[in-house]
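For reference, the structure is listed below as structure tokens.
There are 2 protein chains.
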Amino acid sequence: MPIDMTPSQALGLWHAVTLELVRQDRRDLTLRQLSILLEIYLVPPPHTVRGLAATLGVTKPVITRALDTMGEQGLVSRVRDERDRRNVVIRRTVEGALFLERLSDLVIASGRSLAPWKTP
Amino acid sequence: MPIDMTPSQALGLWHAVTLELVRQDRRDLTLRQLSILLEIYLVPPPHTVRGLAATLGVTKPVITRALDTMGEQGLVSRVRDERDRRNVVIRRTVEGALFLERLSDLVIASGRSLAPWKTP
DNA sequence: AGGAACCGATCCGGTAGCGTAACGAAATCG
DNA sequence: CGATTTCGTTACGCTACCGGATCGGTTCCT
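So the protein lines, in turn, are chains A and B.
Read in order, the letters of the first sequence are residues 1 to 120 in full-length UniProt numbering.
Read in order, the letters of the second sequence are residues 1 to 120 in full-length UniProt numbering.
This is the structure we're talking about:
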């Protein structure tokens, strides 16, 4: 299932997607925030603050702040773990799934229309 | 030359690359800054502040600030246009090219090791 | 020549993220 | 039990970026 790309394709893909993300602006997510969001939605739960911090290689306050921001935007939600009430479990939301679905569409579309050999 | 991807591949690719970018940290580029950098290096020159502002759909100060930051990091350089001294021409640098080359490597490597069907 | 238009940079107040260091709550240990 | 460890959060001072307005400097237009 791997994807093979040339350097030109790789950068072209990144160029197209970042450009479009900036253009439509809407949610101004940090690279870290986006990374957290993808981690939550692509890796099987449960997700905790310290777990994410370890995975991303950042401190815990970074995760807390990112969850604050994305929580306000409805992209994630937090629930106290009742089995160990010290923990907080990060949960997915419908809105977050929709956001990533749009990101996915953007990536796919950008990849498809990448440097069409001749014939623009 | 297009690349065809499934939604899972698209998000998986983005996940792997952003995660690695966050992990190695180094230069903490904004999405906007990265977008500007890619625009400069992938689109034929000349590049001007107002041109980039129009392309990205942002205001001119945003471009100026981003060029300040990336200029300090040696990723781009600015030269006054002698034919029309109102303009500033944004130029590429060796260091900037190297940075994008590493980004390209990262994207390619992430794409290659994407959800290897069985047998890791 | 002089006014208008243009270009990039700078100033302003405000917002959001950062790292370090603490904190309170909860579980575990001895 | 109390002491210690483990969580996530908050406090603090700082830095970077934001949009909007404005600024000099330059060119264009008549």
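Glycine is no exception: its CB is placed at the ideal position from the N, C-alpha and C atoms.
Q: Out of A:Asn87, A:Asp105, A:Val49, A:Val79, state which residue places its alpha-carbon closest to the alpha-carbon of Thr93 of chain A.
A: For the residues A:Asn87, A:Asp105, A:Val49, A:Val79, the minimum Cα distance to Thr93 of chain A belongs to A:Val79.
Q) Is His15 of chain A close to chain B, meaning its C-beta is less than 8 Å from at least one C-beta of that chain? A) By this cut-off, His15 of chain A is an interface position.
Q. In chain B, which residues lie with their C-beta within 8 Å of the C-beta of Met5 of chain A?
A. What Met5 of chain A touches in chain B: Ile3, Val107, Ile108, Gly111.
Q. In the DSSP assignment, what are the bridge partners of Arg78 of chain A?
A. DSSP lists A:Ile90 as partners of Arg78 of chain A.
Q. In this structure, what does DSSP give as the bridge partners for His47 of chain A?
A. Assignment of beta-bridge partners to His47 of chain A by DSSP yields A:Ile90.
Q | Status (buried if at least 16 other CB within 10 Å, exposed otherwise) for Ser113 of chain A | A | So Ser113 of chain A counts as exposed.
Q) If we cut at 8 Å on Cβ distances, does Arg32 of chain A have a partner in chain B? A) Closer than 8 Å to the CB of Arg32 of chain A there is at least one CB belonging to chain B.
Q | Ile40 of chain A vs Leu56 of chain A beta-carbon contact at 8 Å | A | Cβ atoms of Ile40 of chain A and Leu56 of chain A: not closer than 8 Å.
(Q) With a threshold of 6 Å on Cβ separation, who are the neighbours of Arg91 of chain B within its own chain once the five nearest residues in sequence on each side are excluded? (A) The residues are Ser77, Val79.
Q. So which residues on chain B does Val22 of chain A lean against when the C-beta distance must stay under 8 Å?
A. Simply Leu31, Arg32, Ser35, Leu56, Gly57, Val58.
Q) Residue ranges of each alpha helix (DSSP H) run of no fewer than 4 residues wholly in the region 14-49 of chain B, ordered along the chain? A) Listed in chain order, they are 31-42.
Q: Answer yes if the region 48-68 of chain B comes into contact with the region 4-22 of chain A, meaning at least three C-beta pairs across the two stretches below 8 Å, and no otherwise.
A: Yes, the region 4-22 of chain A is in contact with the region 48-68 of chain B.
Q) In whole angstroms, what is the alpha-carbon distance linking Gln9 of chain B and Arg65 of chain A? A) Between Gln9 of chain B and Arg65 of chain A, the C-alpha separation is close to 29 Å.
Q: Just the chain A side, please: which residues come within less than 8 Å of Gln9 of chain B by C-beta, in chain order?
A: Under the 8 Å cutoff, chain A gives Met1, Ile3.
Q) Hey, would you say Leu31 of chain A sits closer than 8 Å to Thr18 of chain B, going by beta carbons? A) With respect to Thr18 of chain B, Leu31 of chain A sits close: the two C-beta atoms are nearer than 8 Å.
Q) Nearest to Ala97 of chain A by alpha carbon, out of A:Gly74, A:Ala16, A:Pro7, A:Leu29? A) The shortest C-alpha separation from Ala97 of chain A is found at A:Gly74.
Q) What do you get for residue 121 of chain A, buried or exposed, if any count of 16 or more other CB atoms within 10 angstroms of its CB means buried? A) With chain A covering only 1 through 120, there is no way to say anything about residue 121 of chain A.
Q) What is the residue span of the alpha helix (DSSP H) that residue 203 of chain A lies within? A) The structure shown does not extend to residue 203 of chain A, since chain A is modelled only from 1 to 120, so the question has no answer here.
Q. For Ala54 of chain A, does the count of other Cβ atoms within 10 angstroms reach 16, so buried, or fall short, so exposed?
A. So Ala54 of chain A counts as exposed.
(Q) Within 10 Å of its beta-carbon, does Met1 of chain B have 16 or more other beta-carbons around it, so buried, or fewer, so exposed? (A) The residue in question, Met1 of chain B, is exposed, as its Cβ has fewer than 16 Cβ neighbours within 10 Å.
**Q.** Under 8 Å by beta carbon: chain B residues contacting Gly12 of chain A
**A.** Going along chain B in sequence order, the residues near Gly12 of chain A (Cβ under 8 Å) are Leu42.
(Q) Can you list, in chain order, the residues of its chain with a C-beta nearer than 6 Å to that of Ile63 of chain B? Leave out the 5 residues immediately preceding and following it. (A) These residues qualify, in order along the chain: Val49, Leu52, Ala53.
(Q) Strictly under 8 Å for the Cβ-Cβ distance: is Gln69 of chain A near chain B by that measure? (A) For the record, residue 69 of chain A in the displayed sequence is Thr; it is not Gln. Nearest CB-CB separation between Thr69 of chain A and chain B: not below the 8 Å threshold.
Q) Any idea what DSSP makes of Gly57 of chain B, helix, strand or coil? A) In this structure, Gly57 of chain B counts as coil in the three-state DSSP scheme.
Q | Distance, Glu101 of chain B Cα to Leu29 of chain A Cα | A | Whole-angstrom Cα-Cα distance: 24 Å.
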